[in-house]
Structures are given as structure tokens and as C-alpha cells.
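In terms of UniProt numbering, the sequence shown opens at residue 1 and continues consecutively. Remarks on the structure that follows.
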Amino acid sequence: MAMARLWEFAGVRGAITTHSWHRDEPRYVAVLVHGYGEHLGRYEHVAEALTRHGAVVCGPDHLGHGRSAGEPVLIEDFADVVADLRTVVESARTDHPDLPVVMIGHSMGGMIAARYAQLHGPDLTALVLSGPVLGRWDVLGALLAHDQIPDTPIDPGTLSRDPAVGKAYGEDPLVWHGPFKRPLLLALETCVQQINEHGSLGGLPTLWIHGADDRLVPLDGTRTGIEQIRGTDLTERIFPGARHEVFNETNKAEILAEVTAFVDRVLPAR
1 MAMARLWEFA GVRGAITTHS WHRDEPRYVA VLVHGYGEHL GRYEHVAEAL
51 TRHGAVVCGP DHLGHGRSAG EPVLIEDFAD VVADLRTVVE SARTDHPDLP
101 VVMIGHSMGG MIAARYAQLH GPDLTALVLS GPVLGRWDVL GALLAHDQIP
151 DTPIDPGTLS RDPAVGKAYG EDPLVWHGPF KRPLLLALET CVQQINEHGS
201 LGGLPTLWIH GADDRLVPLD GTRTGIEQIR GTDLTERIFP GARHEVFNET
251 NKAEILAEVT AFVDRVLPAR
């Protein structure tokens with residue numbers, strides 16, 4: 001697979017680094033939206049599976065994440081992140097004006113992707129939400145109850161049953177290994193509430209995938225949010241035993257095959 005091409009644009013609050021993976025004669029554009037504290041470089045294998053399937057793939061490192069500008073993991077308003085994401089989508093649509101766009105968001109990125117779909121649904125042909133922070137995430141209230149946010153970084157063991165995933169995460173210099181920051185937590189809380197209040201995604205085909213043993217973003221809390229936004233075309237796949245990062249799980253090939261089968265179902269005939 002070709003290496004990602006990195007390019008920058010002037011985001012709402014600083015330079016945003018974007019990753020793009022090319023292929024000849026693509027059938028669709030896949031836009032990847034990564035989660036909290038990480039970066040899109042962790043999704044090389046996802047991009048590879050999608051390019052093999054027929055996609056050109058792109059996505060940003062969010063503000064304060066990866067190679068993008070900003071204080072690490074400091075996001076004060078997710079409207080800024082959604083606006084940056086729309087710049088990426090518009091660039092892809094300029095390059096490939098006749099191709100449908102599928103957005104795939106994981107964890108915090110699932111929240112961002114859901115909000116994007118509520119605000120800019122006509123941009124998208126389909127939406128995939130992986131372990132999304134939606135509905136009720138009890139971690140938010142527990143952390144915000146402290147005068148000083150505890151220094152409790154994400155436990156790499158909760159990401160996947162594959163210990164190599166946790167090891168690589170712990171050793172990745174572009175991953176944030178420090179505590180959550182209060183402004184980001186408050187912005188998360190606000191965005192989740194906005195999504196709940198905005199409601200249904202209408203007819204947008206949506207695939208929700210989640211690990212049954214997700215201890216970072218528990219299934220039951222997310223389900224309340226899915227019920228708030230579900231439209232007329234929702235597919236749900238819950239994977240027994242899987243932890244938070246389903247695309248990095250021991251059965252990731254099966255899970256990625258679910259995604260590509262869903263895309264095949266919803267893509268318009270060409």
C-alpha cells in the first residue's frame with residue numbers, strides 16, 4: 001500500500017495535518033475521524049482495507065492531536081473540529097466530485113462524525129460509528145466532579161485483546177498519555193447534549209459497531225445516544241468479547257469486512 005500523503009490547511013484554530021491515501025479508479029471517498037488523544041497514523045491498516053475495497057481515504061489529525069497545531073488535547077468547542085473536518089470533506093469532494101462520501105468515526109471521533117452528519121448530512125452517503133461517545137458517558141461526570149482532574153490516562157489494556165495494540169499505543173510519541181483536560185471534558189459534554197437534542201439522522205444509512213466488552217465507552221451508555229439519533233436505516237453490530245478499539249481487535253478482519261459489506265449495500269449503483 002502507498003504511504004499516506006500528508007498536507008496541511010489553516011484550520012479554525014491552527015494548522016491541521018491531513019492524511020490522504022490514493023488509489024486508481026476509486027468508487028467512493030472514505031473519511032476517517034479518529035478518537036481522543038490519538039492520531040490518524042494509527043489507522044493505516046484501516047485505510048489499507050478501504051483502499052483495497054475501492055476507496056480513496058482521507059482524514060485529519062484533530063486540533064491538539066497528532067501532528068496538528070494546538071496545545072495537546074485542548075479542545076474548547078467541537079464546532080471548531082467539525083468545521084475543520086468539513087474542510088477535509090470539501091477538499092475530497094473537489095478532487096472527486098462524482099464520488100459518494102462515507103464517514104467513519106471512532107470513539108470521540110464517532111461523536112464528531114455524528115454531529116457532522118446532523119449538521120451536514122447531504123455531504124454524506126453513509127456513516128459508520130465505532131464505539132462512539134454518545135448518549136451517556138459516565139466518565140464525564142465522574143471526572144468533572146473533581147476540582148483537579150485526576151491524572152489517570154487511558155489504560156492501554158482496555159483497547160484490545162491483542163497485547164501488541166496496547167504496547168504500541170503506550171510507546172507512540174504522538175499519542176497523548178497525560179490526563180484529560182477540563183475544557184475538553186466540558187466541550188465533550190456540550191457536544192453530546194447537542195447531539196441528543198438535535199435528534200434523528202433521518203434516512204442516512206448508518207452502521208453502529210461496538211465491542212461488547214468496551215470498558216472505556218460502555219455499550220449501554222452509547223445505546224441511549226443511538227436511540228436519540230437513529231433514523232430509518234440503522235444497522236447494529238455488537239461483537240462479543242471485543243474491547244474499545246474494534247478496528248484493532250483480534251477479529252479486526254471480520255469487523256472491517258462488516259464495514260465494507262455495509263458500504264457495498266449503501267453505495268449507489270455506478
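Note that beta-carbon positions come from the ideal geometry of N, C-alpha and C, so glycine has one too. Given the structure is predicted, the values throughout are model-derived calculations rather than measurements.
Contact check, residue i vs residue j, beta carbons under 9 Å
{"i": "Gly131", "j": "Ser107", "result": "yes"}
{"i": "His210", "j": "Thr222", "result": "yes"}
{"i": "Gly136", "j": "Gln194", "result": "Gly is not the amino acid found at residue 136; the sequence shown has Arg there. No, Cβ-Cβ distance for Arg136 and Gln194 is not below 9 Å."}
{"i": "Ala69", "j": "Gly109", "result": "no"}
{"i": "Pro72", "j": "Gly178", "result": "yes"}
{"i": "Asp214", "j": "Arg182", "result": "no"}
{"i": "Ala126", "j": "Phe262", "result": "yes"}
{"i": "Tyr36", "j": "Leu184", "result": "yes"}
{"i": "His34", "j": "Gly66", "result": "yes"}
Environment of residue i [buried if 16+ CB atoms lie within 10 Å]
{"i": "Arg270", "result": "Confidence at Arg270 is low in this model, with a pLDDT of 48, below 50, so its placement is unreliable and the value that follows should be read with caution. Looking at its Cβ environment, which holds fewer than 16 other Cβ atoms inside 10 Å, Arg270 is exposed."}
{"i": "Leu85", "result": "buried"}
{"i": "Gln118", "result": "buried"}
{"i": "Phe180", "result": "buried"}
{"i": "His146", "result": "exposed"}
{"i": "Trp7", "result": "exposed"}
{"i": "Gly105", "result": "buried"}
{"i": "Arg42", "result": "buried"}
Residues bridged to residue i (per DSSP)
{"i": "residue 282", "result": "What the structure shows of the chain is the stretch from 1 to 270, and residue 282 is not part of that stretch, so it cannot be assessed."}
{"i": "Tyr28", "result": "Ala55"}
{"i": "Ala15", "result": "Ala10"}
{"i": "Arg5", "result": "Ser20"}
{"i": "Pro60", "result": "Thr18"}
{"i": "Val33", "result": "Gly105"}
N-terminal and C-terminal residue of the beta strand (DSSP E) that residue i is part of
{"i": "Gly166", "result": "First-last for Gly166: Pro163 to Glu171, but that is the alpha helix (DSSP H), not the beta strand (DSSP E)."}
Element boundaries [alpha helix (DSSP H), containing residue i]
{"i": "residue 275", "result": "Lying outside 1 to 270, the shown extent of the chain, residue 275 is not represented and no answer is given."}
Residue ranges of each beta strand (DSSP E) within the segment 64-132, 3 or longer | Taken in chain order, the complete beta strand (DSSP E) segments of 3 residues or longer contained in the segment 64-132 are 101-106 and 126-130.
May I have a chain-ordered list of the beta strand (DSSP E) segments no shorter than 3 residues that lie completely inside the segment 182-267?
-> 206-211 and 234-239
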